[in-house]
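Visitor: Numbering (the numbering used here), first residue to last: 38 to 268.
1. According to DSSP, simplified to helix, strand and coil, what is residue 81?
2. Over what stretch of residues does the alpha helix (DSSP H) that includes residue 234 continue unbroken?
3. Please state if the CB of residue 97 and the CB of residue 126 are separated by a distance shorter than 8 Å.
4. If you draw a straight line from the alpha carbon of residue 223 to that of residue 229, how long is it in whole angstroms?
5. Nearest-angstrom Cα distance between residue 214 and residue 159?
6. What is the DSSP secondary structure of residue 144, reduced to helix, strand or coil?
7. For residue 138, does the three-state DSSP call read helix, strand or coil?
8. Kindly provide the ranges of any alpha helix (DSSP H) runs that are 4 or more residues long and lie completely inside the segment 171-236, ordered along the chain.
9. How long is the line joining the alpha carbons of residue 94 and residue 107, rounded to whole angstroms?
10. Would you give the residue range spanned by the beta strand (DSSP E) that residue 88 belongs to?
11. What are the boundary residues of the beta strand (DSSP E) that includes residue 132?
12. Is residue 187 near the ligand MG, in the sense that its beta carbon is under 7 Å from a heavy atom of that ligand?
13. Counting Cβ pairs closer than 8 Å, one from the segment 143-152 and one from the segment 232-250, do we hit at least three?
14. What three-state label does DSSP hand residue 121 in the structure shown?
15. Given that a residue counts as buried once 16 or more other Cβ atoms are within 10 Å of its Cβ, and exposed if not, what is residue 152?
16. Name, in chain order, the residues that DSSP records as bridge partners for residue 39.
17. Helix, strand or coil for residue 159 per DSSP?
18. Specify, as a first and last residue, the run of the alpha helix (DSSP H) that residue 114 falls within.
19. How would you label residue 48, buried or exposed, when you count the other beta carbons within 10 angstroms and need 16 or more for buried?
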C-alpha cells in the first residue's frame with residue numbers, strides 16, 4: 038500500500054523523511070506530490086527500502102492553465118495528479134486520459150455528479166477520497182467534509198469509477214497507518230477493504246506508468262514486439 042504525500046517545498050517534510058515515516062507505518066511506498074522536490078529517487082529507494090514515486094500535483098487556476106501543465110509534466114513524471122475544487126477543473130480532469138488522479142474534487146466550490154463519475158470511469162481517471170479534512174478539522178467543517186465524502190463514495194461506487202484514498206499529509210507527522218485510515222473509513226460509511234484497495238491503487242498506477250515509460254513501450258498501449266528494431 039502507498040500514501041501520497043506532499044514533500045518539501047510543497048509540504049513541510051522532505052521526501053526521505055516522509056518515506057522513513059511511511060515505512061514505520063508499514064506502507065510499501067510513498068507517492069511524492071511535488072512540482073520540484075527533485076530528490077535522487079533511485080538512491081533513496083536503495084537507502085530506505087521504501088518505494089518513492091516521482092509524482093506531480095498540478096494546482097491550476099483554470100482548465101487552460103491545467104492543460105499546458107499536463108502537457109509539460111506528463112512525459113516527465115511517473116504519476117500525474119490534477120487538483121480539482123471547481124466544477125470546471127473537475128470536469129477537465131476526468132475527461133483527460135493523460136491525468137492519473139483527480140485530487141480534492143470536493144474542496145472549495147467543487148462538486149461531483151454522475152456525469153463526472155462516468156467520465157472518470159471511461160477515461161480511467163482515479164478519483165481521490167481525501168480523508169485529510171476529516172482528520173484535521175473539527176466542528177461544522179468536519180461535518181461538511183464527511184458529508185462530501187459520503188456523496189462522492191456513492192457516486193464512485195454506483196458508476197464503478199476508479200479511485201484512490203489518501204490522508205493528504207503535508208508532513209510526516211500527519212501520516213496515518215492503513216489500519217487507522219480503514220477504521221476511519223468504516224466510521225464515516227466506507228467499507229474497510231474499499232479504503233485499503235484505494236491505498237493499493239497508488240502502487241498499481243505507478244507500476245503501470247513505469248512500464249509505459251520503459252523502453253518496452255513504443256507508445257502508451259503499444260509494446261515493442263519481436264520484429265521492432267531500434268532506429
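Where a beta carbon is used, it is the ideal one built from N, C-alpha and C, also for glycine.
Guide: For this structure:
1. Stepping through the chain shown from its first residue, residue 81 is reached at position 44. Here residue 81 sits in helix by DSSP.
2. Counting from one through the chain shown, the residue named residue 234 turns up at place 197. Unbroken alpha helix (DSSP H) run through residue 234: 229-250.
3. Within the chain shown, numbered from 1, the residue matching residue 126 stands at position 89. Within the chain shown, numbered from 1, the residue matching residue 97 stands at position 60. Yes, Cβ-Cβ distance for residue 126 and residue 97 is below 8 Å.
4. By one-based count along the chain shown, residue 223 stands at place 186. By one-based count along the chain shown, residue 229 stands at place 192. Using only the alpha carbons, I get a separation of about 6 Å.
5. Looking up residue 214 in the chain shown gives position 177. Looking up residue 159 in the chain shown gives position 122. Going from the Cα of residue 214 to the Cα of residue 159 covers about 31 Å.
6. Against the chain shown, residue 144 aligns to sequence position 107. Correct three-state label for residue 144: coil.
7. Residue 138 sits at position 101 when you count from the first residue of the chain shown. Of the three classes helix, strand and coil, the one that applies to residue 138 here is strand, per DSSP.
8. 176-195, 215-224
9. Within the chain shown, residue 94 is the residue found at index 57, counting from 1. Within the chain shown, residue 107 is the residue found at index 70, counting from 1. Those two C-alpha atoms are separated by around 10 Å.
10. Working through the chain shown from its first residue, we reach residue 88 at position 51. Taken as a continuous stretch (DSSP letters only), the beta strand (DSSP E) holding residue 88 covers 88-95.
11. Counting from 1 along the chain shown, the entry for residue 132 is found at position 95. Neither: residue 132 is in no beta strand (DSSP E) and is coded neither H nor E.
12. Of the ligands one can find in the structure shown there are none, so the ligand MG has no counterpart to examine.
13. no
14. Residue mapping note: residue 121 aligns to position 84 of the chain shown, counting from 1. Coil at residue 121, not helix or strand.
15. By one-based count along the chain shown, residue 152 stands at place 115. That one is exposed.
16. Start at 1 with the first residue of the chain shown, and residue 39 comes out as number 2. Per DSSP, 66.
17. For the purposes of this step, residue 159 is taken as residue 122 along the chain shown, with counting starting at 1. Looking at residue 159 - three-state DSSP - the assignment turns out to be helix.
18. Here the question's residue 114 lines up with position 77 in the chain shown. Residue 114 -> no alpha helix (DSSP H), and no H or E assigned at all.
19. In the chain shown, residue 48 corresponds to position 11, counting from 1. Result: buried.
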